[in-house]
Structures are given as C-alpha cells and as structure tokens.
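Worksheet: the structure to be examined is printed underneath.
2 protein chains.
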Amino acid sequence: MPNKSYVNYKNRGMFLEHILNDTNQYYLREDKAIIYKKPTPIKVLNVSYRSRKTTIINKAVFSETSTLDYNGIYKGKYIEFDAKECKSKTSFPLSNIKEHQMIHIKNILNHGGIVFLIIFICNNFYLFDGKDLIDFVNNNDRKSIPIETIIKQGHIINEGYIPRLDYISVVENVYFKENNYGEFEK
Amino acid sequence: MPNKSYVNYKNRGMFLEHILNDTNQYYLREDKAIIYKKPTPIKVLNVSYRSRKTTIINKAVFSETSTLDYNGIYKGKYIEFDAKECKSKTSFPLSNIKEHQMIHIKNILNHGGIVFLIIFICNNFYLFDGKDLIDFVNNNDRKSIPIETIIKQGHIINEGYIPRLDYISVVENVYFKENNYGEFEK
C-alpha cells in the first residue's frame, strides 16, 4: 500500500540529493571533507553558438554513468558513494545498482578506497558498506537486500539540522574507528 | 606567430581529452588506477519525454565546474587533476585556472590529496604539482607561469603507445618515491 506522503518519487529523489548537497557544502565550509556530486552525464547531440561564450545545447540525452554519484576525500582517503531512495519497505532492489557500477565498487575496494551506499528506506538513512554489498550479491540469489539485512549490517545515519545528514561521522566510526562502532556519540 | 598545425584549438582540446581517456581505460584494464573524467556540467533548461525511458533535453547550457576535470584513486590515495593545452610557447596563462578551482586545489592539498595539472606546452606534457602552482601564485604577481618555471619545477610525461600518456608513472615518482625522482626509468 503506497504511503501518501511518498507518492511523488521524483521529488523524493531530489530531496535526498538536496540534503546531501547541503551536507557536502557544510563539510566544505567546515573543512571536514571535500565531497562533490558528479554532474549527470549528458550526451550532447546538437548545439548552436550565440556568441563565443554562449553555447546553447539544442538536443541532448541523459547517458549512463559507470561510477557512483558522489566522490571526494576525507582524511586523505578516497571516498565514493551513491544515494538511493527505496520505496519498498521490505527490501532494497539490487536493480538500483547497474552491473558496471558493481564492478566499479569492487575496483574501488581493491584499490583501498572507501565505498558505500546511502539507502533511504522506511524513513531511515543507512550507510551500507560496499564490501557488504558485494558479499551479499556473491552469497545470495536474491534480487533485493531484505530490510532485516540492511538494519543488521547497515549503519544508521541520523538526520539533523546542520549538517542535515552527517554521514561523515558514520564514515569516521565505520572506517576509522574499528571495533568502536556503537560507542560513538556526536 | 601561430603554428599552422595548431590552428584548430578546439580539436587540440579534444586530442588531450582523448589520449587521457585512452590512458585511463588502460589503467582500469590493467587494474593500476581508477581515474575518470567528470562529466561536463550542464544546466538543463527544458526537457521533453518521449517515453518513460527516453528523455530528450531540448534546451541546456554548459555551466562552470568548481573542481578539476579528472579524479580517482591510485594506491589508496585520492588523485585529482586537470589537463590544459597551452598555445603560447613562452608561458602558461593562469587565467586557465578559475579562482574557485584554485581554492579547490588548496583544499585538496590540505586534506592530503594528490593534485596537479597536466600542461601541454611546446609539444611536451608536464605534470605540474598543485603545491608548486599555489606557491607560484602566492609569490608572484605574474599572470602566467613562464616556460622556464614549468621546465624546472614540472615533471615531463613521455608520450607512448600503450598507454599513450603514462602520467601515473610520473605520479609514482613524484609522490610515492620521494628523493628518487630522476632515477626512475620505465
């Protein structure tokens, strides 16, 4: 049964992007991390030139990306992640992650980078580690990650005011303070 | 006096992008580094929907980027750079780097990232370190970096066949083998 307040999925997508952009600007201002959303790849098919400085694109289409949407640096480490909103309340469909993105996640892990998903499901934000994602795919035939697995293996990110979604505190706990997760309080 | 073979600056720009994309694909295939060019940021002004899956962009303009064009990971370290072709044979105009990009370069340095320019000038490719760039700007009133400074402080990147521009070998030397630069031979 669809939840009325979540009917407009397109706006929900923009909502998550918006609070992440706000958060990333906060991190930049506070000099805590440098994370940017990559521009959406667009294939330009036709342009016209109004002046030397103004090019108008008359025809273009969105194209697919091989990577995840956000990347940058925190404490010298390479960080990459994608943010996904999930309308299902029972599981996160793996169709959200394209096959070449899955390969990309494995590559980043192999090169020592930090890679994860931020999953918005059941009104909660979870950081779900890239390695846990790969392990799940390798060890299951399921086409979605059940909510129980996300709750168990994921790390909750609390919503706040400033910053709105302090995922770097969770990154700090999960990747920089090993064996200390759960004791951290901001 | 313009060199006839360099009259088409637009194609020259594409040429450098092309050999870097080739090189980055090679690094990816060989599992040596993961470096991507960020998509050019485009501001979409008008779209039409042909079907649920096909969105046609009818009007858009190119917008400015705050970051550099290429970023990724090598040996766990965050790497970011921009590639610039320079038509002048005597100096590299600093107008090539926007003020917010200069701030971004400082930020990356402060966070322990590797950041540089690849400058194509006088038919040679040079890796010019971000810190050297910042130091030059801080210590000079000049609006361009003279070729002598680029030759002295920059690190030449040899053109090859596969990969076409092995800048990662130079990164290895400059950032991972301190005090050993110049002795390295590929």
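The listed protein sequences derive, respectively, from chains A and B. If you read the first sequence in the working numbering, its first letter stands for residue 1, the second for the next number, and so on. If you read the second sequence in the working numbering, its first letter stands for residue 187, the second for the next number, and so on. No residue lacks a Cβ here, since even glycine has one placed at the ideal position from N, Cα and C. Since this is a predicted model, take the numbers as computed values, not measurements.
Less than 7 Å between CB atoms is the rule here; does residue i satisfy it with respect to chain A?
i	result
Phe278/B	no
Ile307/B	no
His204/B	no
Asn282/B	no
Val193/B	Reliability fails at Val193/B, whose pLDDT of 40 lies under 50, so the model's placement of it is uncertain and no value is given.
So with Cβ pairs under 7 Å, would you call residue i a contact of chain B?
i	result
Tyr78/A	yes
Thr55/A	yes
Tyr70/A	no
Asn21/A	no
Asn24/A	no
Tyr49/A	no
Phe116/A	no
Rounding to the nearest angstrom, what Cα-Cα distance links residue i and residue j in this structure?
i	j	result
Ser252/B	His286/B	6 Å
Gly299/B	Phe267/B	11 Å
Asn24/A	Ile34/A	7 Å
Ser234/B	Asn58/A	12 Å
Met14/A	Ile283/B	31 Å
Phe278/B	Glu271/B	9 Å
Gly346/B	Arg215/B	17 Å
Ile56/A	Arg50/A	7 Å
Ile73/A	Asp255/B	15 Å
Asn110/A	Asn326/B	42 Å
Thr54/A	Pro227/B	14 Å
Ile118/A	Tyr26/A	18 Å
Glu250/B	Lys229/B	10 Å
Lys218/B	His290/B	26 Å
Cys308/B	Asp208/B	22 Å
Asn138/A	Asp318/B	46 Å
Leu20/A	Thr149/A	24 Å
Leu280/B	Ser274/B	12 Å
Leu202/B	Met288/B	21 Å
Asn3/A	His18/A	Below a pLDDT of 50, predicted positions are generally treated as unreliable, and Asn3/A, at 42, falls in that range; the measurement from the model is reported next regardless. Roughly 21 Å separates the two Cα atoms.
Asn257/B	Lys75/A	16 Å
Pro163/A	Tyr222/B	29 Å
Phe136/A	Ala83/A	18 Å
Val168/A	Gly154/A	Reading off the sequence, residue 168/A comes out as Ile, not Val. Distance between the alpha carbons of Ile168/A and Gly154/A is about 14 Å.
Glu358/B	Lys177/A	29 Å
Ile108/A	Phe311/B	28 Å
Applying a beta-carbon distance threshold of less than 7 Å, which residues of chain A neighbour residue i?
i	result
Pro227/B	Pro39
Thr253/B	Tyr36
Spell out the partners DSSP gives residue i in its beta bridges.
i	result
Phe201/B	Paired residue(s): none; Phe201/B is not in a bridge.
Thr55/A	Tyr49/A
Phe267/B	Tyr256/B and Phe302/B
Pro342/B	Looking at the sequence itself, residue 342/B is Ile, so the reference to Pro does not match. Paired residue(s): Tyr312/B.
Ala33/A	DSSP output for Ala33/A lists no bridge partner at all.
Val44/A	Ala60/A
Ser277/B	Pro332/B
Ile121/A	Asn124/A
Leu377/B	The requested residue 377/B does not occur in the structure, where chain B is confined to residues 187 to 372.
Leu165/A	Glu159/A
Would you check whether the ligand NAP has a heavy atom nearer than 6 Å to the C-beta of residue i?
i	result
His297/B	The ligand NAP is not part of this structure, which contains no ligands at all.
Residues of chain B with a CB under 8 Å from the CB of residue i: which are they?
i	result
Phe176/A	What Phe176/A touches in chain B: nothing, since even the nearest Cβ is about 13 Å away.
Lys131/A	Chain B residues near Lys131/A: none, gap ~15 Å exceeds 8 Å.
Lys59/A	Ile242, Ile243 and Asn244
Look at residue i and residue j and say whether their C-beta atoms are less than 7 Å apart.
i	j	result
Ile156/A	Leu165/A	no
Phe120/A	Asp129/A	no
Ile151/A	Lys106/A	no
Ile331/B	Thr276/B	no
Leu127/A	Val61/A	no
Tyr264/B	Tyr78/A	yes
Lys38/A	Lys329/B	no
Give the residues of chain A in contact with residue i, contact being defined as C-beta atoms less than 8 Å apart.
i	result
His286/B	Simply none; closest approach about 11 Å.
Ile294/B	Ile34 and Ile73
Going along chain B in order, which residues have a C-beta closer than 7 Å to the C-beta of residue i?
i	result
Phe199/A	This structure gives no information on residue 199/A, because the portion of chain A shown stretches from 1 to 186.
Phe62/A	Thr241
Chain B partners of residue i, CB-CB under 9 Å?
i	result
Gly112/A	Ile259, Lys261, Gly262 and Lys263
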